[in-house]
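Chains as they are written, first to last, in the numbering used here: chain A, 237 to 558; chain B, 6 to 259.
Following this line, the structure appears as structure tokens:
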């Protein structure tokens, strides 16, 4: 008690009832930590010293223009496919919840069909769509057609991949969005309606923003998954990240180093996407919890503050308490 | 127009096989405060929800300020109203819910200005000025930027009242506004409602607060099994109720 009252002024005041207990020693944890460190050292050593990894080749190709071009294609494909998927997903989810049975059934059938077939098969089908419909035209159904396009010229490998990935993603996003919408209490809709808001206003201003809290985490997951699923388009010769490195190693036979180049880039982009997801979740968490989760920067600052306080306190406490 | 604000004639409502309202008839005059009492499951809340068309009625006639709720009559034909027309009707009727139903992703201020801006197309600055005024009136001048999760139940309900008032309704419906509150928070909400009644607002209040019903209401209505079984002044109700069921109900609750 005396040491508590004798705390120097510059330290934060210690309340008389504050507990200063000696923490329990966790021996098991220390053993586990030592074991993991040892494993990491072994693994790191082998990766670093094994010449066959050819880190020099990895370094050489890491920023090569062909790899970077492939990376850009992968990013474009991911972004466009996810954009198609999200817009389509919202549309399909709202349709699925429509009171009109024909509309909701149409949505159900779409989801059933696109989730029922492998995306690789869908990519191949879109790539070969010209065999099914050589000419695509726009006009009045069963009536005159105004615009004709040649499927073979417009459905390039990139477009085929984009269509397949985007349309497939729409089916998955629809279920995610639907889960989000039904997670919002019915009272929210009733309150909005009782204020005279239309169905569209209620959906856009009240329901969807609150559904986002449920929608964002799995959507982040889908985006990260999409980034890697785009590598499937290498089968239809789209020069994405994977196909670009494949083209290089088919000539120089440096398979492993070039696959490492692609892998490292995938990991980097995934990391960036995860950071984006954190901030997005934080944004849409407004009002759901009393306190928003701290950003990494805030957490670092708080820890620094704690360290500084501890550093000030420790000499004072040890000097007088003992 | 000086007709009744609410006029119900033989209103019927079914949920599947279950007949919830079995012919409700009543009138509420402009400026009148009517409290609806009755055991749970008697159809009070359902009737209230019918008045702003959150529920569709299956039979009878229900009108607010001389206009049918949810329908339009052409001679002897009845047409359903379009969504936009239903919205216009609802915009003039304020409703306060048992579970508050504040928009969770918006601050108190944003909750109050949302509908005036989106529905009545009021300018944002004007809506904000009015919202501030209303939130001050319900004693929450210091909570403008709080999210519902940061407010107590009583504070949330007062924001909900301010939100409804921001639309300048000609009629306010209260669906058990204090039933979800801790006892010590009920008073603040009832004070706001009392003031509103004094200011001449037409109100229909479904409540179990007998104290409020006795002093603030002009008329009490007793519902039982989907119909009104007694309708009269508070003195009449608390001194010599006629119906046997009313007597039973009051003896249990008082």
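Built from N, CA and C at the ideal position, the CB exists for glycine as well.
Annotated three-state conformation of residue 27 (chain B) is strand, per DSSP. Counting only runs of 3+ residues, no beta strand (DSSP E) is found wholly inside the region 262–337 of chain A.
For the region 418–452 of chain A, the residues whose beta carbon sits under 7 Å from a beta carbon of chain B are, in order, 423, 424, 426, 427, 429, 430, 431, 432, 433, 434, 435, 437, 441, 442, 445, 446.
Between residue 468 (chain A) and residue 482 (chain A), the C-beta gap is not smaller than 9 Å, which leaves the two residues out of contact. Remark: C-beta atoms of residue 345 (chain A) and residue 397 (chain A) do not approach each other more closely than 9 Å.
Around the beta carbon of residue 390 (chain A), a 10 Å sphere encloses fewer than 16 other beta carbons of the protein chains shown; the residue is thus reported as exposed. Taking a beta-carbon distance threshold of 9 Å, residue 108 (chain B) counts as an interface residue toward chain A. Around the Cβ of residue 182 (chain B), a 10 Å sphere holds 16 or more other Cβ atoms; the residue is buried.
Residue pairing for residue 384 (chain A): DSSP places it in a beta bridge opposite A:373. Residues of chain B whose Cβ lies closer than 8 Å to the Cβ of residue 522 (chain A) are, in chain order, 110, 152.
When DSSP states are grouped into helix, strand and coil, residue 105 (chain B) belongs to the coil group.
Residue 163 (chain B) is a Cβ neighbour of residue 194 (chain B), given a cutoff of 9 Å. Around the beta-carbon of residue 510 (chain A), fewer than 16 other beta-carbon atoms lie within 10 Å, marking it exposed.
Distance from the CA of residue 241 (chain B) to the CA of residue 70 (chain B), rounded to the nearest whole angstrom, comes to 28 Å.
By DSSP's assignment, residue 83 (chain B) forms a beta bridge with B:78. Here the alpha carbon of residue 375 (chain A) sits roughly 24 Å from the alpha carbon of residue 363 (chain A). Around the beta-carbon of residue 152 (chain B), 16 or more other beta-carbon atoms lie within 10 Å, marking it buried. With a cut-off of 8 Å on Cβ pairs, the region 135–152 of chain B is not in contact with the region 436–448 of chain A, counting fewer than three such pairs.
Between the region 228–235 of chain B and the region 39–54 of chain B, the count of C-beta pairs closer than 8 Å reaches three or more; the two stretches touch. Taking a beta-carbon distance threshold of 9 Å, residue 165 (chain B) counts as an interface residue toward chain A.
Residues of the region 82–99 of chain B whose Cβ lies closer than 9 Å to any Cβ of chain A, in chain order: 88, 89, 91, 92, 93, 94, 95, 96, 97, 98, 99. The contact set of residue 140 (chain B) on chain A, defined by CB atoms closer than 9 Å, is empty, because the minimum CB distance reaches about 16 Å. Between residue 320 (chain A) and residue 402 (chain A), the beta carbon gap of about 3 Å places them in contact (Cβ cut-off 8 Å). About 5 Å separates the CB atoms of residue 117 (chain B) and residue 171 (chain B); that is less than 8 Å, so the two are in contact. Within the same chain, Cβ atoms closer than 6 Å to the Cβ of residue 16 (chain B) are found at 26, 29, 62, 65, 67, the five residues on either side in sequence being excluded. Counting C-beta pairs closer than 8 Å gives three or more between the region 92–105 of chain B and the region 419–434 of chain A, which meets the contact rule. Exposed is the label assigned to residue 540 (chain A), since fewer than 16 other Cβ atoms lie within 10 Å of its Cβ.
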